[in-house]
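Protein chains in written order, with our numbering: chain A, 2 to 292; chain B, 40 to 352.
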């Protein structure tokens, strides 16, 4: 409308780049849903915790977030494994509501522990490359976003290989398809659940490291991302990995464009409305099979 | 009505508080807990009896609060009709959200997600709109006069809040004994079976969410009259959605006294923690979260149930 095409192009490209990292956040959520059939309300709080992890690594130890991404991922894999094995698994007893409540409880605990430790100040790191731009035709793209996009693709490939080429991946797919059958042939379902939850949490840790150079961190920052992630997962279809990544790109563009046309404060409305519409009209999402 | 006696006993005991305690801190705590209990009683109608877990009761609380405030501040209406209108609009919002969500067959996690999203939409809109005072919020002019639903004494406000909570308790008891209450529990326990027995599931859920929203909306209006200030993060914030759900879950979902009991236990614990741990922000909420995890982890999933089990063992 009022904007010249190169501004719109730039908004679309930046939206795609940010959307990729959103997709990574959503990937963890959708993976856990696809295998465990649970909606993890603690996802946002875990993302916040990972962002603080990357923040502390940078400020206390001087480690760049991009370097800290892999060790953080390993740490958060263990954390996720333990949380599923020790808290969520035993509390669920096969009931949907129990999982809703226990993951909500976890998110309250994590979020407020962060508040108790780091107080409510918004913090950011001053990475030397935070303001760098990459020229792409007529458009200028933020360097952290380009890195985030590239890293998300790498994580996507790594996950694909893990799922298709390893015994663990096979076991995860078996449990997702047919839990009882998998248990009968000797797969330790509780272990596979925890591994899957760990992988989902590790995705979050990488996403956190990718987000930190260009986003502020505060105890409630995860809430903003998790609603976006839920939207992506619902849009892409619960449990669909491809759906999560494509959904992430779509949502990134929608956010970027609605931010451009409606301004920052109303920009989020576009996402929520998509969320509600998809839930009401097509809860299986674009790529999902079951409701 | 059988079962009304404990409710009246509670009202009388709690009503003695302003006569025995002069401390503003204590009275403040009690009023706030009563407001939460009322919001939670609303959640309990839909979530506790009906099994439909809303994560977005802020949508109703905030609507009740904002309508109460806006009608007075922008349209010069008296506080009482404004408060009544707040309850009415909150009920309509409940009916509308319920119609959209339940007609699409959303249940369980999906219903929780969609209610959460609606509350967020309201929050973003209230934060941007001019009518609500935007991010700066809206202030109700201080005119401490019973004619304006404002009271010079905190104790008087406590009685008013207590009267509303008592009414809510009696209404819950009446619902529990009614045909609608029985149908609601049937829907919670087994929706397909209830439908097969001829229960109009959609109509039952819609009635429940409308009543639920009205009650939580009343809590919002009460909040506005007590604190005389609102902004989007207070009125439509996640905190109240969580409080409204936490109290009944902890105190006993689907019971008459559950929400009041839960609100008292949680906020009692919260205050105790704060006085022990000093002014560490968020520490009381950490305790809330841990209590929530524990009651879900160890069935029968609420504190009174735990105690009963203890006694039996």
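Using N, Cα and C, we set each Cβ at its ideal position, and we do this for glycine too.
Check, Outcome
"Closer than 7 Å at the beta carbon, the chain B residues around residue 269/A", "163"
"For residue 238/A and residue 42/A, the rounded distance between their alpha carbons", "17 Å"
"Proximity winner among 256/A, 218/A, 3/A and 247/A, relative to residue 116/A (alpha-carbon distances)", "218/A"
"CA-to-CA distance, residue 262/A to residue 149/A, given in whole angstroms", "25 Å"
"Three-state secondary structure assigned by DSSP to residue 145/B", "coil"
"C-alpha gap between residue 236/A and residue 312/B, whole angstroms", "42 Å"
"Straight-line gap, residue 236/B to residue 80/B (C-alpha atoms, nearest Å)", "28 Å"
"Simplified DSSP assignment, three categories, for residue 138/A", "coil"
"CA-to-CA distance, residue 306/B to residue 132/A, given in whole angstroms", "46 Å"
"Selected residue, minimal CA-CA separation from residue 34/A, among 260/A, 281/A, 71/A and 231/A", "231/A"
"Three-state secondary structure (DSSP) of residue 291/A", "With a pLDDT of 44 at residue 291/A, under the threshold of 50, the predicted position of this residue should be treated as unreliable, though the coordinate-derived value follows. Here residue 291/A sits in coil by DSSP."
"Cβ-Cβ distance between residue 205/A and residue 47/A below 9 Å", "yes"
"Range of the contiguous alpha helix (DSSP H) that encloses residue 244/B", "240-266"
"Local conformation of residue 177/B per DSSP, three classes", "strand"
"Closest by C-alpha distance to residue 244/A, when choosing among 45/A, 30/A and 77/A", "30/A"
"Closer than 9 Å to chain A by CB, residue 216/B", "no"
"Helix, strand or coil at residue 275/A [DSSP, three-state]", "helix"
"For residue 141/A and residue 291/A, the rounded distance between their alpha carbons", "In this predicted model, residue 291/A has a pLDDT of only 44, less than 50, meaning its place in the structure is not dependable; the value taken from the coordinates is given anyway. Those two C-alpha atoms are separated by around 41 Å."
"8 Å CB neighbourhood of residue 7/A in its chain, flanking five on each side removed", "139 and 140"
"Members of the region 222-234 of chain A that neighbour chain B once the beta carbon cut-off is set at 9 Å", "224, 228, 231 and 232"
"Nearest to residue 275/A (by Cα), restricted to the options 62/B, 89/B and 159/B", "159/B"
"Cross-chain neighbours of residue 276/A in chain B, by beta carbon under 7 Å", "156"
"Beta-carbon proximity list for residue 234/B, same chain, < 8 Å, skipping 5 on both sides", "240"
"Residues sharing a beta bridge with residue 143/A, DSSP", "134/A"
"For residue 335/B, the nearest candidate out of 108/A, 197/A, 201/A and 88/A (CA to CA)", "88/A"
"Local Cβ density within 10 Å of residue 132/B, reported as buried at 16 or more and exposed below that", "buried"
"Secondary structure, alpha helix (DSSP H): runs of 4+ residues fully inside the region 80-161 of chain B", "97-112 and 118-142"
"Amino acids of chain D, ordered along the chain, whose beta-carbon sits closer than 9 Å to that of residue 298/B", "Absence of chain D from the displayed structure is noted, the protein chains being A and B."
"Residue 101/B and residue 271/B closer than 9 Å at C-beta", "yes"
"Closer than 9 Å to chain A by CB, residue 288/B", "yes"
"Counted within 10 angstroms of its Cβ, other Cβ atoms place residue 282/B as buried (16 or more) or exposed", "buried"
"Range covered by the alpha helix (DSSP H) that runs through residue 251/A", "242-263"
"contact_flag[the region 133-145 of chain B, the region 109-121 of chain B] where n(CB pairs < 8 Å) is 3 or more", "no"
"Same chain only: Cβ atoms within 8 Å of residue 280/A, ignoring 5 sequence neighbours per side", "235"
"Sub-9 Å separation of residue 100/A and residue 39/A beta-carbons", "yes"
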